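This report concerns only the one structure given below.
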Amino acid sequence: VENVRLLDRLSSRRAVVGTLYLTATHVIFVENGSETRKETWVLHSQISSIEKQATTATGCPLLIRCKNFQVIQLVIPQERDCHDVYISLIRLARPVKYEELYCFSFNPKLDKEEREQGWKLVDLNEEYNRMGVPNNYWQISDVNRDYGVCDSYPTEVYVPKSATAHIIVGSSKFRSRRRFPALSYYCKGNNASICRSSQPLSGFSARCLEDEQMLQAIRKANPGSDFIYVVDTRPKLNAMANRAAGKGYENEDNYSNIKFQFIGIENIHVMRNSLQKMLEVCELKSPSMSDFLWGLENSGWLKHIKAIMDAGIFIAKAVAEEGVSVLVHCSDGWDRTAQVCSVASLLLDPYYRTMKGFMVLIEKDWVSFGHKFNHRYGNLDGDPKEISPVIDQFIECVWQLMEQFPCAFEFNERFLIHIQHHIYSCQFGNFLCNSQKERRELKIKERTYSLWAHLWKNRADYLNPLYRSDHSQTQGTLHPQIAPCNFLYKFWSGMYNRFEKGLHPRQSVTDYLMAVKEETQQLEEELEALQERLANLQKSQSSNNKVKNMQQDRSKQFGLYTSNNSLANTPQEYSNDLKSFPSRSPSQGDEDSALILTQDNLKSSDPDLSVNSDQESGVEDCSCRSSSGGGCLPSEDSGKDSDEAVFLAG
Amino acid sequence: MEFAELIKTPRADNVVLHCPFHLAVEGTLCLTGHHLIFSSRRRDNAEELWLLHSNIDSIEKRFMGSLGTIIIKCKDLRIIQLDIPGMEECLNIASSIEALSTLDSVTLMYPFFYRPMFEVLEDGWSSFLLEQEFELLSSVTNEWRLSCVNKDFSVCPSYPPVVIVPKSVDDEALRKVALFRHGGRFPVLSYYHKKNGMAMLRSSQPLTGTNGRRCKEDEKLINATLRSGRRGFVIDTRPLAVAQQARAKGGGFEQEVHYPQWRRIHKYIERFNILQESFIKLVEACNDQSHNMDRWLSKLEASNWLTHIKELLTAACLAAQCIDRESASVLVHGSEGTDSTLQVTSLAQIILDPRCRTIRGFEALVVREWLQAGHPFQQRCAQSAYSNSKQKWEAPVFLLFLECVWQIHRQFPCSFEFNEQFLIMLFEHAYASQFGTFLGNNENERAKLKLPQKTMSLWSWVNRPEEMSRFQNPLYEANSLVIWPSVAPQSLQLWEGVFLRWNRPSKFLEEAEVERINIIKYNKDLQAKVNALRRQLAEMEADEEAREEP
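Chains as they are written, first to last, in full-length UniProt numbering: chain A, 1 to 650; chain B, 1 to 550.
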């Protein structure tokens with residue numbers, strides 16, 4: 001469709017005209033005119049809603065909201081075209097079969113071996129070995145090898161050694177969806193562990209001997225402690241309501257030596273509505289400070305984030321400081337339980353704060369234990385009530401921790417944002433389906449590529465320049481401040497206003513430091529080369545001198561030879577090298593990062609991200625313009641102009 | 001008066017000091033004329049506290065049997081608690097602190113007694129003279145002149161002795177204009193934008209009154225800053241209604257009929273008492289110990305502090321936009337021209353002028369646009385957020401300005417030569433200091449108090465290389481561009497470095513800062529090494545060649 005206008009959300013005065021293309025996988029908008037022909041690519045799987053608004057004199061507006069928080073407003077001249085686009089997008093954004101998803105057609109031009117290699121990057125067996133299991137207390141159980149006991153669990157599950165198959169099966173029958181207690185994290189230092197399960201089917205009075213034995217076995221696997229915590233991550237009221245349906249929570253009287261604890265994290269429906277409310281605040285046109293703060297408070301989003309963090313902090317403290325094992329569950333044990341277990345693991349173990357470790361953590365607590373990615377993130381057309389930003393909240397918890405512990409994480413904010421993007425993009429197979437079983441049936445590993453390999457390949461972009469593996473902040477358990485700490489939880493504009501570059505700091509400290517570090521590395525290499533040359537030169541000079549003493553004539557040739565030799569290393573080349581160092585003048589900092597992004601994320605592989613980097617250089621552009629000042633109207637400038645417009649109107 | 005009279009109990013033993021995030025320490029408390037000193041004597045200097053009495057904003061006492069507790073709330077927002085055994089000692093100490101922290105006379109303040117322990121390399125009192133500023137200006141334009149019309153402070157008591165005005169306006173005219181402006185604050189040059197020759201002026205409101213009085217000289221003065229055929233903007237920091245009401249009291253605003261070349265924009269910036277209230281509410285919210293997230297956000301919202309920040313930044317951006325983008329001259333004023341006016345003109349310069357983003361440039365800005373321009377520091381900073389006495393004149397006007405600078409700094413972290421600590425240091429010294437810089441309400445009072453002769457300047461201390469190194473931003477790379485900050489709510493944050501400074505563990509953030517400095521230092525060291533080696537190699541090779549071909 002031609003002559004489509006892409007509106008800027010903040011200022012309707014600024015719109016670009018271009019052509020809209022629909023392909024099998026993307027919506028593409030190409031700007032007319034301008035030399036760069038800026039392109040905006042949106043994956044169909046990123047589209048969360050499409051809204052056709054009332055036709056105006058200028059055309060028919062179409063509003064596309066994306067799951068990565070991009071909002072695109074188009075005006076299509078012809079009502080009929082608009083309707084066609086609308087209908088097609090509705091169909092394209094809601095695939096009904098997995099095979100329609102982008103990952104089955106996406107081809108990053110890797111051969112079969114590279115693809116297999118990519119899938120092997122994260123290996124959970126290796127991870128459990130790293131934790132120190134199997135050992136005297138824990139063993140791998142094959143009770144679920146054909147998904148016979150629990151179809152949402154992985155085939156390989158770690159359980160206490162004293163838990164026999166009989167106990168496991170018995171316990172599973174007493175748990176929602178048969179999700180019996182299994183090991184999530186084992187603390188080598190003191191034998192304390194984090195186990196996870198679903199709620200018990202206790203109703204008002206039911207008991208299950210095997211389930212009681214199961215919890216007993218978990219306690220015995222930690223000889224240093226005479227009780228375990230059972231953490232129910234639901235609000236007490238919700239858990240009690242579940243009792244009426246024959247579910248519920250553990251009765252302390254029936255289980256020996258447990259301490260039972262509620263931690264009120266709300267359910268997926270509350271969280272979905274909360275995010276919705278917060279996004280409405282983000283979308284406000286020029287909100288006042290009060291509108292924004294009031295809306296943020298009213299959404300309750302940060303309160304929920306804090307609740308998840310508090311639960312994680314509680315568990316990490318129990319494991320690290322008290323040396324007590326913890327069993328965590330919610331209702332089904334695949335949403336809140338996953339959040340809380342992974343936050344606790346992240347606090348406890350520095351390994352999960354490395355890039356590789358973080359991939360492992362998501363693979364362990366989310367992918368393998370049957371977090372329902374397909375339902376929660378609406379990859380296939382499904383029940384909208386199943387959709388909820390569960391992993392988004394976990395990712396935000398990580399960001400909140402990064403803000404409090406700037407040196408503790410090997411990766412940076414961009415890493416988190418890209419993972420969030422790909423959870424929805426369906427470009428890689430990692431997050432397809434609802435369980436390991438489904439993924440095996442679909443043969444994901446044979447037919448799609450792994451995100452982790454892709455991120456690992458580009459890991460230089462995701463490094464936190466402040467991270468040092470030997471830094472004290474990197475070691476051991478993280479202890480976030482507990483009280484008073486409300487003010488420590490902040491709105492994450494880097495995520496939720498991700499596509500509005502005008503709102504973000506115009507110079508990125510991270511990018512700047514990354515450029516400095518890159519330059520440092522080149523300098524180190526050059527230093528080494530120079531020292532080597534110096535040593536050679538000195539050697540040759542001294543030998544030269546000796547030769548000179550013996551035979552004046554030949555020394556000349558020698559000298560010539562060596563100096564020629566060093567010419568081959570050419571000082572000119574070094575000075576060229578110096579020029580090619582990432583230039584670090586702040587206004588160019590943006591451009592650098594943009595370059596890094598575009599070169600690594602090929603258009604075909606990561607369209608949205610490269611568009612993102614276009615915008616980044618766009619910011620750079622206008623700061624240049626502001627230096628030249630003249631030619632262009634202020635209204636051409638970045639995000640702030642809308643504000644300027646407001647100043648003048650006022 | 002002798003300080004000793006006020007100190008009934010100069011010393012108390014077995015006092016326990018409680019500070020947030022530190023274990024309680026037992027030690028000895030001493031009171032001197034200007035300091036409260038606490039020493040644990042456990043290790044040398046390890047647990048010492050030196051607190052200026054003038055830094056104390058309020059104190060509370062409580063008793064539990066014979067154990068007295070004093071809670072001291074400081075102007076830098078810190079709260080400490082002292083447990084003092086013995087009711088009488090405790091009462092004595094509390095009343096001494098109360099008396100010593102609220103001395104009436106300026107000349108009893110610590111700066112008059114302070115003897116510096118460092119060698120003065122450069123006298124800060126003469127570091128930033130308007131004459132030097134004018135010299136810089138003269139190198140690019142000859143449209144302006146220095147006027148000494150106010151040399152004995154008779155034309156305008158709150159102006160400095162010398163000001164910069166358009167060349168075409170003589171001193172006689174200035175005297176007339178001064179009569180037409182509130183407090184005699186006639187329009188003077190605040191900033192000259194070299195790029196396009198546009199000027200920013202500041203003044204107080206014109207005294208038009210209800211009958212629309214006019215002053216030809218005033219019109220001529222400000223018109224002298226316009227290019228022919230161009231219009232200028234008057235930015236009035238009051239809403240139209242307030243400006244209209246001011247006429248009843250003899251004030252007013254520039255009316256279109258008399259100033260046809262000027263377009264007036266009303267950009268409301270909150271007055272001092274409202275700001276003070278907002279400040280108090282914000283600090284209360286930050287000290288709230290509850291675990292409730294909703295309450296925190298609603299309290300933050302209810303304080304309106306960030307709203308004031310947003311309004312002020314918006315007004316400053318508008319002024320900068322008029323100058324840089326619309327190529328128009330700007331006159332900024334509110335009522336008196338000593339508060340919101342200075343906030344706007346100084347922030348606009350941060351946005352427009354790269355020099356103001358350097359350490360010395362920023363110091364010069366504070367001197368020029370705040371101290372010399374007659375911001376009444378002594379009135380505004382007499383009390384901070386914990387004061388019980390709600391006096392009319394106190395207001396965190398300067399703090400608000402510093403926070404706006406911080407907000408811009410946060411958005412352009414590589415464009416400022418100074419770091420956050422520099423801004424926090426200025427905040428502290430504006431409220432309580434051993435230096436005389438922020439004493440007095442204007443140059444006139446400072447001259448009468450003989451501050452340059454009798455006290456040490458803050459700049460003499462700050463500009464020493466040892467101190468300076470603490471305030472340098474490792475990421476700084478000179479950026480010659482105009483920097484346009486975003487004023488959207490998502491882009492503005494609470495200034496944790498000031499408001500949560502004592503409520504959050506800062507260890508990890510400090511470690512991060514050290515790491516940043518190390519990364520950059522290592523890079524610079526390497527660069528130096530590589531360059532040295534390169535030179536050495538080049539020399540050796542040159543020698544070699546010289547030897548080859550004699």
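Virtual Cβ for every residue (Gly too), placed ideally from N, Cα, C. Since the structure is predicted, the reported quantities are computational estimates derived from the model, not experimental observations.
Original post:
When DSSP labels each residue in this structure, what does R625/A get in the three-state scheme?
Top reply: Within the first sequence, numbered from 1, the residue matching residue 625/A stands at position 625. Residue confidence for R625/A is low, a pLDDT of 29 falling below 50, so the modelled location carries little weight and cannot support an answer.
Subject >> Residue-level contact to chain A via CB, V530/B, 9 Å cutoff >> reply: Counted from its first residue, the second sequence places residue 530/B at position 530. So yes, V530/B belongs to the interface.
Subject >> Enclosing alpha helix (DSSP H) for R414/A [first to last residue] >> reply: Counting from 1 along the first sequence, the entry for residue 414/A is found at position 414. It spans E413 to S425 - the alpha helix (DSSP H) in which R414/A sits, taken as one unbroken run.
Original post:
Is W370/B closer than 9 Å to A382/B when the C-beta atoms are compared?
Top reply: Looking up residue 382/B in the second sequence gives position 382. Looking up residue 370/B in the second sequence gives position 370. Not a contact, by the Cβ cut-off of 9 Å.
**OP:** Give me whichever residues DSSP pairs with H266/B in a beta bridge.
**Re:** In the second sequence, the residue the question calls residue 266/B occupies position 266. In the DSSP output, where bridge partners are listed per residue, H266/B has D236/B.
Subject >> Residue from V16/A, A15/A, Q46/A and G18/A whose Cα sits closest to the Cα of T25/A >> reply: On the first sequence, residue 25/A is found 25 positions in, with the first residue counted as 1. Ranking the options by Cα distance to T25/A, first place goes to Q46/A.
**OP:** Could you check how far apart the C-beta atoms of S335/B and Q205/B are, in whole angstroms? I think they sit under 8 Å.
**Re:** Translated into the one-based positions of the second sequence, residue 335/B becomes position 335. Translated into the one-based positions of the second sequence, residue 205/B becomes position 205. Between Q205/B and S335/B the Cβ distance is about 5 Å, and since that is below 8 Å, they are a contact.
Subject >> Residue environment, K236/A, which counts as buried when at least 16 other CB atoms sit within 10 Å >> reply: Looking up residue 236/A in the first sequence gives position 236. The residue is exposed, with fewer than 16 neighbouring Cβ atoms inside 10 Å.
Original post:
Near S435/A, which residues of its chain fall below 6 Å by C-beta distance, leaving aside the five closest residues on each side in sequence?
Top reply: Reading the first sequence from its first residue, position 435 is the one you call residue 435/A. The answer, listed in chain order, is S152 and G370.
Original post:
Is S184/A closer than 9 Å to I218/A when the C-beta atoms are compared?
Top reply: Reading the first sequence from its first residue, position 218 is the one you call residue 218/A. Reading the first sequence from its first residue, position 184 is the one you call residue 184/A. Taking 9 Å as the Cβ cut-off, I218/A and S184/A do not qualify as a contacting pair.
Original post:
So, does the CB of Q81/B fall closer than 9 Å to a CB anywhere in chain A?
Top reply: Taking the second sequence and counting its residues from 1, one reaches residue 81/B at position 81. Chain A, which has no Cβ nearer than 9 Å to the Cβ of Q81/B, makes this no.
**OP:** Run the CB neighbour count on K249/B, radius 10 Å, all protein chains shown included, and call it buried at 16 or more, exposed below.
**Re:** Within the second sequence, the letter at position 249 stands for residue 249/B. Its Cβ having fewer than 16 others within 10 Å, K249/B is exposed.
Original post:
What residues are listed by DSSP as bridge partners for A199/B?
Top reply: Here residue 199/B refers to the residue found at position 199 when the second sequence is read from its first residue. Bridge partners of A199/B: Y192/B.
Original post:
Is DSSP giving W492/A helix, strand or coil here?
Top reply: As a working mapping, residue 492/A is identified with position 492 in the first sequence. Coil at W492/A, not helix or strand.
Original post:
At a CB-CB cut-off below 8 Å, which residues of chain B make contact with Y137/A?
Top reply: Walking along the first sequence from the start, residue 137/A turns up at place 137. Going along chain B, no residue has its Cβ under 8 Å from Y137/A, so there is no contact; the nearest lies around 34 Å.
Original post:
Is F412/B helix, strand or coil by DSSP?
Top reply: The sequence position of residue 412/B within the second sequence is 412, counting from 1. In this structure, F412/B counts as coil in the three-state DSSP scheme.
**OP:** Would you mind listing the alpha helix (DSSP H) stretches within the segment 447-513 of chain A that are 4+ residues and don't spill past its ends, in chain order?
**Re:** 451-457 and 493-496
Subject >> Status (buried if at least 16 other CB within 10 Å, exposed otherwise) for S580/A >> reply: In the first sequence, counting from the first residue as 1, residue 580/A sits at position 580. Reliability of the predicted coordinates at S580/A is poor, the pLDDT of 30 falling under 50, and the value obtained from them is presented with this limitation in mind. Result: exposed.
Original post:
Taking three-plus beta-carbon pairs below 8 Å as touching, is the segment 202-216 of chain A in contact with the segment 272-289 of chain A?
Top reply: no
**OP:** Return yes when the Cβ of S54/B is within less than 9 Å of the Cβ of L103/B, no when it is not.
**Re:** On the second sequence, position 103 is the one that residue 103/B refers to. On the second sequence, position 54 is the one that residue 54/B refers to. Yes, the pair counts as a contact, with Cβ atoms nearer than the cut-off.
Original post:
Which of helix, strand or coil does DSSP assign to N14/B?
Top reply: In the second sequence, the residue the question calls residue 14/B occupies position 14. Here N14/B sits in strand by DSSP.
Subject >> CA-to-CA distance, L503/A to Q490/B, given in whole angstroms >> reply: The residue given as residue 490/B occupies position 490 in the second sequence. The residue given as residue 503/A occupies position 503 in the first sequence. Near 7 Å, if we compare the C-alpha coordinates of L503/A and Q490/B.
Original post:
D470/A: buried (16+ other C-beta within 10 angstroms of its C-beta) or exposed?
Top reply: Start at 1 with the first residue of the first sequence, and residue 470/A comes out as number 470. Result: exposed.
Original post:
From W502/B to V283/B, what distance separates their C-alpha atoms?
Top reply: Working through the second sequence from its first residue, we reach residue 502/B at position 502. Working through the second sequence from its first residue, we reach residue 283/B at position 283. Approximately 11 Å between the Cα atoms of the pair.
Original post:
So, G170/A versus G203/A, is the Cβ gap smaller than 9 Å?
Top reply: Within the first sequence, residue 170/A is the residue found at index 170, counting from 1. Within the first sequence, residue 203/A is the residue found at index 203, counting from 1. Going by C-beta atoms, G170/A is not nearer than 9 Å to G203/A.
Original post:
Q472/B touches chain C at which residues, Cβ-Cβ below 8 Å?
Top reply: The chain labelled as chain C is not found among the protein chains of the depicted structure, namely A and B.
Original post:
What residue from G436/B, P474/B, R247/B and N463/B has the CA that sits closest to S457/B's CA?
Top reply: For the purposes of this step, residue 457/B is taken as residue 457 along the second sequence, with counting starting at 1. Nearest of G436/B, P474/B, R247/B and N463/B to S457/B, Cα basis: G436/B.
**OP:** Count the other C-beta atoms from every protein chain shown that fall within 10 angstroms of the C-beta of H375/B, then say buried if there are 16 or more, exposed otherwise.
**Re:** For this step, residue 375/B is matched to residue 375 along the second sequence. Looking at its Cβ environment, which holds 16 or more other Cβ atoms inside 10 Å, H375/B is buried.
**OP:** Would you list the one or two residues that DSSP bridges to R145/B?
**Re:** The residue labelled residue 145/B in the question sits at position 145 within the second sequence. DSSP output for R145/B lists V165/B as bridge partner(s).
Original post:
Within 10 angstroms of its Cβ, does S542/A collect 16 or more other Cβ (buried), or is it exposed?
Top reply: Start at 1 with the first residue of the first sequence, and residue 542/A comes out as number 542. Exposed: under 16 other Cβ atoms inside 10 Å.
Original post:
Checking contacts by CB at 9 Å: is V509/A closer than that to chain B?
Top reply: Counting from 1 along the first sequence, the entry for residue 509/A is found at position 509. True, the Cβ-Cβ gap to chain B drops below 9 Å.
Subject >> Nearest residue (CA-CA) to G312/A, options Q481/A, T510/A, E438/A and S225/A >> reply: Position 312 of the first sequence, counted from the start, is the residue given in the question as residue 312/A. The shortest Cα separation from G312/A among Q481/A, T510/A, E438/A and S225/A belongs to Q481/A.
Original post:
Which residue's Cα is closest to the Cα of E500/A: E513/B, G497/B, S486/B and E510/B?
Top reply: Start at 1 with the first residue of the first sequence, and residue 500/A comes out as number 500. Comparing Cα-Cα distances from E500/A to each of E513/B, G497/B, S486/B and E510/B, the minimum goes to S486/B.
**OP:** Reducing DSSP to helix, strand and coil, say where I7/B ends up.
**Re:** Residue numbering aside, residue 7/B sits at position 7 when the second sequence is read from its first letter. I7/B: coil per DSSP, three-state reduction.
Subject >> Within chain B, the residues that M214/A reaches when beta carbons sit closer than 9 Å >> reply: Translated into the one-based positions of the first sequence, residue 214/A becomes position 214. Ordered by position in chain B, no residue passes the 9 Å Cβ test against M214/A, which lies about 34 Å from the chain.
Subject >> Element boundaries [beta strand (DSSP E), containing E31/A] >> reply: Numbered from its first residue, the first sequence carries residue 31/A at position 31. Here the beta strand (DSSP E) through E31/A covers H26 to E31.
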